[in-house]
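Residue numbers (our numbering): 44 to 508.
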């Protein structure tokens, strides 16, 4: 797409009072004149800068003409804020360091870099940098997304939407902004392009819920790229013209939506460029699938298969070397799959009901999980313990190579009748690299006791010593 640096501004100018029309197909509420006015009237404004091509295009346009976007000409009411997940591709960090930070310094634009300070929200936010002369793009803060995932022994949940983004970006950005705002409404810009208006609509709905909970308008959201009609091709072309970069969308190597964030061939090419990152994600996926065979990185597919098919031998070699070198643990995994409530029950009894007659074993209810580390040692020692458990239980060691190509070893203490019957439990031992913390869902002990009452456990860890 050929263009000069001003081509995208040759569309009808965004008047300070009357924004340009919303592109065809986008809900008016996403980029309305009213939304623009609410944003422009806020005393403090920020850009949620995700380091990728979309938000970079928006930032470059703002730096050229802030008033056009409802921002003070001297940027006195404006901040660029980056929430660090701690697991970005190195080229993303390098591009921002070399090409974007100098522009922020030249304009004296306030730039803050923030991260979660710990696993719990009570730990707050760590501010790594807050300056109008930014010299370093940080990679990580005190607590990262991979710290969280590796401690939990799970990959990001595909069915959960963007919960990891909400936790490591949304919470961090909102907390920092509100700390600075002193109770006033903050105007917040997002770099969603014109192809992503559904994301913007979803963000608006989420904001309505947050405002209702807070009792006042906490943020006024605006999406300038959608109003301008800049799609992905336009955004990429604009950044290329301005910086000379073929800049990618910013996303984590562990993202289950990487096929959306980047075409799959491009993502696999990036993993070949950074085999150490690929190996770390492969390890996480292996641990996750050891604790839950259905918990692969992608829906109905594994990263292991994709990397194998791509013949990324360097990443696979590093992954298998890590498995041989690390300590391994024997994990005991217990799950209680409660039966869900019948639709009629919800209509008759409201939000809560504990009557057994209102449950249906074909409907999935809440799943309660407990993970405990039984033993830790070498890979061989963990395997020996599992074989002893197999003898004590009189159950075979299952080597399930169908779900994961390398195979995962388990011994089952209790087995569910099938994957679609709820009101049932499972209890098994599996071996995998060490590091998953002991954790049980609130209420697990009571639910487990109720669902297994009258049964005797067939095995205790001491039996395999």
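Note that the Cβ used here is the ideal one computed from N, Cα and C, for glycine as well. Here the structure is a predicted model, which means the values were calculated and not measured.
Quick check: the Cα distance between residue i and residue j, rounded to an integer number of angstroms?
{"i": "residue 456", "j": "residue 182", "result": "43 Å"}
{"i": "residue 135", "j": "residue 324", "result": "18 Å"}
{"i": "residue 149", "j": "residue 142", "result": "12 Å"}
{"i": "residue 79", "j": "residue 140", "result": "30 Å"}
{"i": "residue 492", "j": "residue 193", "result": "28 Å"}
{"i": "residue 331", "j": "residue 85", "result": "44 Å"}
{"i": "residue 447", "j": "residue 471", "result": "18 Å"}
{"i": "residue 349", "j": "residue 133", "result": "22 Å"}
{"i": "residue 428", "j": "residue 414", "result": "17 Å"}
{"i": "residue 344", "j": "residue 484", "result": "27 Å"}
{"i": "residue 251", "j": "residue 243", "result": "12 Å"}
{"i": "residue 221", "j": "residue 114", "result": "19 Å"}
{"i": "residue 494", "j": "residue 375", "result": "18 Å"}
{"i": "residue 398", "j": "residue 466", "result": "13 Å"}
{"i": "residue 210", "j": "residue 199", "result": "12 Å"}
{"i": "residue 490", "j": "residue 254", "result": "35 Å"}
{"i": "residue 118", "j": "residue 177", "result": "15 Å"}
{"i": "residue 322", "j": "residue 300", "result": "18 Å"}
{"i": "residue 390", "j": "residue 404", "result": "19 Å"}
{"i": "residue 432", "j": "residue 372", "result": "14 Å"}
{"i": "residue 420", "j": "residue 189", "result": "23 Å"}
{"i": "residue 337", "j": "residue 107", "result": "49 Å"}
Where does residue i land, buried or exposed, given buried means 16+ other C-beta within 10 angstroms?
{"i": "residue 88", "result": "buried"}
{"i": "residue 328", "result": "buried"}
{"i": "residue 45", "result": "With a pLDDT of 33 at residue 45, under the threshold of 50, the modelled position of this residue cannot be trusted; read the value that follows with caution. Per the 10 Å Cβ criterion, exposed."}
{"i": "residue 290", "result": "buried"}
{"i": "residue 166", "result": "exposed"}
{"i": "residue 168", "result": "buried"}
{"i": "residue 249", "result": "exposed"}
{"i": "residue 99", "result": "buried"}
{"i": "residue 122", "result": "buried"}
{"i": "residue 279", "result": "buried"}
{"i": "residue 217", "result": "buried"}
{"i": "residue 368", "result": "exposed"}
{"i": "residue 423", "result": "exposed"}
{"i": "residue 297", "result": "buried"}
{"i": "residue 67", "result": "Model confidence at residue 67 stands at a pLDDT of 47, short of 50, so the residue's coordinates are unreliable; what they give is reported in the following sentence. Looking at its Cβ environment, which holds fewer than 16 other Cβ atoms inside 10 Å, residue 67 is exposed."}
{"i": "residue 184", "result": "buried"}
{"i": "residue 364", "result": "exposed"}
{"i": "residue 434", "result": "exposed"}
{"i": "residue 383", "result": "buried"}
I need the DSSP call for residue i, collapsed to helix, strand or coil.
{"i": "residue 386", "result": "helix"}
{"i": "residue 95", "result": "coil"}
{"i": "residue 267", "result": "helix"}
{"i": "residue 441", "result": "strand"}
{"i": "residue 259", "result": "coil"}
{"i": "residue 330", "result": "helix"}
{"i": "residue 337", "result": "coil"}
{"i": "residue 457", "result": "strand"}
{"i": "residue 510", "result": "Within the shown structure, residues of the chain are numbered from 44 to 508, placing residue 510 beyond reach of any answer."}
{"i": "residue 312", "result": "helix"}
{"i": "residue 293", "result": "coil"}
{"i": "residue 170", "result": "strand"}
{"i": "residue 475", "result": "strand"}
{"i": "residue 481", "result": "coil"}
{"i": "residue 274", "result": "coil"}
{"i": "residue 467", "result": "strand"}
{"i": "residue 452", "result": "strand"}
{"i": "residue 77", "result": "helix"}
{"i": "residue 343", "result": "coil"}
{"i": "residue 490", "result": "helix"}
{"i": "residue 185", "result": "coil"}
{"i": "residue 496", "result": "coil"}
Taking residue i as the reference, which of the options has the closest Cα?
{"i": "residue 82", "options": "187, 218, 219 and 260", "result": "260"}
{"i": "residue 444", "options": "438, 453, 437 and 436", "result": "453"}
{"i": "residue 475", "options": "490, 381, 366 and 306", "result": "366"}
{"i": "residue 76", "options": "226, 264 and 124", "result": "264"}
{"i": "residue 478", "options": "417, 495, 431 and 145", "result": "417"}
{"i": "residue 191", "options": "172, 175 and 164", "result": "164"}
{"i": "residue 128", "options": "274, 119 and 294", "result": "294"}
{"i": "residue 232", "options": "379, 97 and 442", "result": "97"}
{"i": "residue 402", "options": "381, 352 and 146", "result": "381"}
{"i": "residue 95", "options": "116, 131, 108 and 387", "result": "131"}
{"i": "residue 4", "options": "473, 313, 146 and 258", "result": "Beyond the ends of the chain as shown, which are 44 and 508, falls residue 4; an answer cannot be given."}
{"i": "residue 151", "options": "340, 109, 361 and 160", "result": "109"}
{"i": "residue 74", "options": "184, 92 and 268", "result": "268"}
{"i": "residue 159", "options": "359, 126, 441 and 237", "result": "126"}
Contiguous alpha helix (DSSP H) assignments of at least 4 residues, all confined to the segment 83 to 158 | 96 to 107, 133 to 138 and 144 to 150
In chain order, each beta strand (DSSP E) run of at least 3 residues that lies wholly inside the segment 352 to 423 = 371 to 384 and 402 to 420
Please list the segments of the beta strand (DSSP E) lying wholly inside the segment 202 to 261, counting only runs of 3 or more residues, in order along the chain.
-> 229 to 232
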